[in-house]
Amino acid sequence: MPTLSGFSPRSLQLLTKRRDRERGKREKMAPIAVGDILPDGTLPCFDENDQLQQVSIHALAAGKKVILFGVPGAFTPTCSVKHVPGFIEKAEELKAKGVAEILLISVNDPFVMKAWAKSYPEGKHIKFLADGSATYTHALGLELDLSEKGLGTRSRRFALLVDDLKVKVANIESGGEFTVSSAEEILKTL
Amino acid sequence: GDDIVAAAPNVSLQKARTWDEGVSSKFSTTPLSDIFKGKKVVIFGLPGAYTGVCSAQHVPSYKNNIEKFKAKGIDSVICVAVNDPYTLNGWVEKLQAKDAIEFYGDFDGKFHKSLDLGVDLSAALLGPRSHRWSAYVEDGKIKAFNVENAPSEFKVSGGEKILSQI
Chain B
1 MPTLSGFSPR
11 SLQLLTKRRD
21 RERGKREKMA
31 PIAVGDILPD
41 GTLPCFDEND
51 QLQQVSIHAL
61 AAGKKVILFG
71 VPGAFTPTCS
81 VKHVPGFIEK
91 AEELKAKGVA
101 EILLISVNDP
111 FVMKAWAKSY
121 PEGKHIKFLA
131 DGSATYTHAL
141 GLELDLSEKG
151 LGTRSRRFAL
161 LVDDLKVKVA
171 NIESGGEFTV
181 SSAEEILKTL
Chain H
1 GDDIVAAAPN
11 VSLQKARTWD
21 EGVSSKFSTT
31 PLSDIFKGKK
41 VVIFGLPGAY
51 TGVCSAQHVP
61 SYKNNIEKFK
71 AKGIDSVICV
81 AVNDPYTLNG
91 WVEKLQAKDA
101 IEFYGDFDGK
111 FHKSLDLGVD
121 LSAALLGPRS
131 HRWSAYVEDG
141 KIKAFNVENA
151 PSEFKVSGGE
161 KILSQI
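Order-wise, the sequence lines are chains B and H.
End of the first sequence sits at 190 in UniProt numbering; the numbers just go up one at a time, nothing left out.
End of the second sequence sits at 166 in UniProt numbering; the numbers just go up one at a time, nothing left out.
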């Protein structure tokens with residue numbers, strides 16, 4: 001039995017996750033934090049030619065600086081009117097500072113994400129990834145229950161700066177509010 | 001016929017709306033009895049907003065026949081899908097179908113599960129959804145009911161078919 005000292009809560013959880021998976025359990029993960037390794041995952045995304053791609057997070061992010069930001073839901077106001085446009089506006093600046101990819105994830109299916117992406121004609125620098133069953137959101141420990149609003153399990157609003165798979169900046173809102181997770185805040189750290 | 005309200009007690013649906021409308025209505029939901037009691041309703045369900053057959057064929061077959069439904073004394077034509085009400089609203093506005101059809105979200109799939117119409121479409125990247133179906137319901141009693149063999153098909157659940165069954 002490994003000793004408990006020297007293990008962060010999250011890394012301990014990752015050790016027991018395999019056992020739990022085998023037992024069919026999906027326990028809540030501790031939220032991702034600075035210093036953690038970004039979990040791997042495969043998420044569907046329609047590309048510019050309307051072809052469905054299965055995107056591997058690690059393949060996109062290994063050896064590079066990437067931003068991963070998450071929103072509670074496509075077609076909802078703060079997400080649509082503030083959060084996404086902020087990253088579209090700052091995309092060139094972020095790229096100039098060495099960010100190779102800007103990835104957006106939401107608990108929506110890929111058809112909804114595709115339609116939402118199309119509503120941003122200037123959004124070509126952002127990849128809209130669909131985490132329809134909230135599997136990746138769960139791996140990040142960032143689920144949010146919005147059943148009362150008719151949304152079900154979604155993601156908290158967040159923005160991460162990741163360098164060669166290591167989380168350097170983790171700006172996570174407690175719910176859907178929009179304070180630290182903006183493009184401006186991440187830009188300040190670059 | 002079977003009573004649709006009795007088959008799904010305690011189930012409510014969420015009317016397609018913007019977030020602001022959701023806030024101002026305190027995220028209110030609509031009980032099935034409000035939708036069906038004392039009314040002649042044509043209702044159809046589909047796997048998902050923004051997907052192929054749903055957008056290109058299913059909804060248009062009702063939208064284009066709305067006058068015929070009204071002529072037969074139908075009080076409401078309703079479309080329901082396992083989507084949240086905001087995504088549904090975005091889709092409805094894109095289809096310009098708001099005037100003809102009332103759209104409701106069954107965001108947790110409870111309504112469809114109660115009618116045994118739930119189906120796992122994870123293979124199509126959609127997760128738990130509903131079959132493609134249509135029904136004519138009079139004062140809560142199902143008078144006609146059509147379900148496709150596969151959710152991707154569009155043979156029996158269109159507007160013309162149910163029109164002939166009223």
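In this text, a Cβ means the ideal position worked out from N, Cα and C, and glycines have one as well.
Inset, instruction - Alpha carbon to alpha carbon, how far is alanine 61(B) from leucine 104(B)? Give it in angstroms, no decimals. - result: If you number the first sequence from 1, residue 104(B) lands on position 104. If you number the first sequence from 1, residue 61(B) lands on position 61. Their backbone Cα atoms lie some 13 Å apart in a straight line.
Inset, instruction - Entirely within the stretch 22 to 99 of chain H and at least 4 residues each: give me those alpha helix (DSSP H) ranges in chain order. - result: 32 to 36, 59 to 63, 66 to 71, 85 to 95
Inset, instruction - Could you confirm whether any beta carbon from chain A is found closer than 8 Å to the beta carbon of alanine 49(H)? - result: In summary, chain A is missing from the structure at hand, where the protein chains are B and H.
Inset, instruction - Measuring alpha carbon to alpha carbon, tell me which of Gly105(H), Val77(H), Leu163(H) ends up nearest asparagine 89(H). - result: As a first step, residue 89(H) must be located in the second sequence, where it is residue number 89. The residue with the shortest Cα to Cα distance from asparagine 89(H) is Gly105(H).
Legend entry - Nearest neighbour of glutamate 158(B), chosen from Ser182(B), Glu148(B), His125(B) [CA to CA]: The residue labelled residue 158(B) in the question sits at position 158 within the first sequence. Reading off the sequence, residue 158(B) comes out as phenylalanine, not glutamate. Checked all of Ser182(B), Glu148(B), His125(B); the closest Cα to phenylalanine 158(B) is Ser182(B).
Inset, instruction - Determine the DSSP secondary structure at arginine 154(B), reduced to helix, strand or coil. - result: Looking up residue 154(B) in the first sequence gives position 154. Note: arginine 154(B) maps to strand in three-state DSSP.
Inset, instruction - Taking only beta-carbon positions, decide if leucine 125(H) is within less than 8 Å of chain B. - result: If you number the second sequence from 1, residue 125(H) lands on position 125. It does: the Cβ of leucine 125(H) has a partner Cβ on chain B nearer than 8 Å.
Inset, instruction - Select from the stretch 20 to 49 of chain H all residues with a C-beta closer than 8 Å to any C-beta belonging to chain B, and list them in chain order. - result: Asp20, Gly22, Phe27, Thr29, Gly48, Ala49
Inset, instruction - Within 10 angstroms of the Cβ of threonine 51(H), are there 16 or more other Cβ atoms? Answer buried if so, exposed if not. - result: As a first step, residue 51(H) is located in the second sequence; it is residue number 51 there, counting from the start. Threonine 51(H) should be labelled buried.
Legend entry - is_contact[phenylalanine 111(B), chain H] using C-beta, thresh 8 Å: On the first sequence, position 111 is the one that residue 111(B) refers to. Chain H contact via Cβ: present.
Inset, instruction - Mark methionine 1(B) as exposed unless 16 or more other C-beta atoms lie within 10 angstroms of its C-beta, in which case mark it buried. - result: Walking along the first sequence from the start, residue 1(B) turns up at place 1. Legend: pLDDT at methionine 1(B) = 42, less than 50; position of this residue unreliable, value from coordinates given subsequently. It counts as exposed.
Inset, instruction - Counting only runs of 3+ residues fully inside the stretch 104 to 178 of chain B, write out the beta strand (DSSP E) ranges in chain order. - result: 126 to 130, 143 to 146, 152 to 155, 158 to 163, 166 to 172
Inset, instruction - Return yes when the Cβ of valine 11(H) is within less than 8 Å of the Cβ of lysine 110(H), no when it is not. - result: Translated into positions along the second sequence, residue 110(H) becomes position 110. Translated into positions along the second sequence, residue 11(H) becomes position 11. Yes.
Legend entry - Close Cβ partners of lysine 188(B) (< 8 Å) along its chain, the five nearest in sequence each way excluded: Indexing the first sequence from 1 puts residue 188(B) at position 188. Nothing meets the Cβ criterion.
Inset, instruction - Scan the stretch 84 to 111 of chain H for residues whose Cβ lies nearer than 8 Å to a Cβ of chain B and list them as they occur along the chain. - result: Asp84, Pro85, Tyr86, Thr87, Asn89, Gly90, Trp91, Lys94, Gly105, Phe107, Asp108
Inset, instruction - Check the Cβ of glutamine 14(H) against every Cβ in chain B and list those closer than 7 Å, keeping chain order. - result: One-based indexing of the second sequence puts residue 14(H) at position 14. Here the neighbours are Gly150.
Legend entry - Distance, glycine 127(H) Cα to methionine 29(B) Cα: The sequence position of residue 29(B) within the first sequence is 29, counting from 1. The sequence position of residue 127(H) within the second sequence is 127, counting from 1. Taking the straight line joining both Cα atoms gives about 22 Å.
Inset, instruction - Could you tell me the distance, in whole angstroms, from the CA atom of phenylalanine 44(H) to the CA atom of serine 24(H)? - result: For this step, residue 44(H) is matched to residue 44 along the second sequence. For this step, residue 24(H) is matched to residue 24 along the second sequence. Each residue's Cα considered, the two are about 28 Å apart.
Legend entry - Proximal chain H residues relative to glycine 175(B), where beta-carbon distance stays under 8 Å: Position 175 of the first sequence, counted from the first residue, corresponds to residue 175(B). What glycine 175(B) touches in chain H: nothing, since even the nearest Cβ is about 14 Å away.
Inset, instruction - Output yes or no for whether 8 Å exceeds the beta carbon distance between leucine 117(H) and tryptophan 91(H). - result: Start at 1 with the first residue of the second sequence, and residue 117(H) comes out as number 117. Start at 1 with the first residue of the second sequence, and residue 91(H) comes out as number 91. Contact flag unset, no.
Inset, instruction - Give a yes or no on whether the C-beta atoms belonging to aspartate 109(B) and leucine 125(H) are separated by under 8 Å. - result: Sequence index remark: in the first sequence, residue 109(B) carries index 109 (1-based). Sequence index remark: in the second sequence, residue 125(H) carries index 125 (1-based). Closer than 8 Å, so yes.
Legend entry - CB contact below 8 Å: proline 121(B) versus chain H: Locating residue 121(B) in the first sequence gives position 121, counting from the first residue. It does not: the Cβ of proline 121(B) has no partner Cβ on chain H nearer than 8 Å.
Legend entry - C-alpha gap between valine 162(B) and threonine 153(B), whole angstroms: As a first step, residue 162(B) must be located in the first sequence, where it is residue number 162. As a first step, residue 153(B) must be located in the first sequence, where it is residue number 153. Between valine 162(B) and threonine 153(B), the C-alpha separation is close to 25 Å.
Legend entry - Chain-order list of residues whose beta-carbon lies under 6 Å from that of lysine 39(H) (same chain, five-residue window excluded): Residue numbering aside, residue 39(H) sits at position 39 when the second sequence is read from its first letter. Cβ neighbours of lysine 39(H) beyond the five flanking positions: Asp75.
Inset, instruction - Classify lysine 90(B) as buried or exposed, calling it buried when 16 or more other Cβ atoms lie within 10 Å of its own Cβ. - result: Residue mapping note: residue 90(B) aligns to position 90 of the first sequence, counting from 1. Lysine 90(B) comes out buried.
Inset, instruction - Return helix, strand or coil for proline 2(B), following the three-state DSSP convention. - result: Counting from 1 along the first sequence, the entry for residue 2(B) is found at position 2. Because the pLDDT at proline 2(B) is just 45, under 50, the model does not fix this residue reliably, and the point stays unresolved.
Inset, instruction - In angstroms with no decimal places, state the Cα-to-Cα distance between isoleucine 57(B) and proline 39(B). - result: Residue numbering aside, residue 57(B) sits at position 57 when the first sequence is read from its first letter. Residue numbering aside, residue 39(B) sits at position 39 when the first sequence is read from its first letter. Roughly 8 Å separates the two Cα atoms.
Inset, instruction - Spell out a yes or no on whether the stretch 77 to 92 of chain B and the stretch 112 to 129 of chain B are touching, meaning 3 or more CB-CB pairs, one atom from each, closer than 8 Å. - result: yes
Inset, instruction - Please classify isoleucine 34(B): is it buried, with 16 or more other beta-carbons within 10 angstroms of its beta-carbon, or exposed? - result: In the first sequence, counting from the first residue as 1, residue 34(B) sits at position 34. Residue identity differs from the one stated: residue 34(B) is valine in this sequence, not isoleucine. Under this definition valine 34(B) is an exposed residue.
Inset, instruction - Could you check which residue in Thr179(B), Lys64(B), Val55(B) has the C-alpha nearest to that of alanine 100(B)? - result: One-based indexing of the first sequence puts residue 100(B) at position 100. The candidate whose alpha carbon is nearest that of alanine 100(B) is Lys64(B).
Legend entry - Euclidean distance between Cα positions of glutamate 185(B) and aspartate 108(H): Residue 185(B) sits at position 185 when you count from the first residue of the first sequence. Residue 108(H) sits at position 108 when you count from the first residue of the second sequence. Rounded to whole angstroms, glutamate 185(B) to aspartate 108(H) spans 35 Å at the Cα level.
Inset, instruction - Take leucine 165(B) and list the residues in its own chain whose beta-carbon comes closer than 8 Å to its own, dropping the five residues that flank it on each side. - result: Residue numbering aside, residue 165(B) sits at position 165 when the first sequence is read from its first letter. Correct list, in chain order: Ile37, Leu38, His58, Ala61, Ala62.
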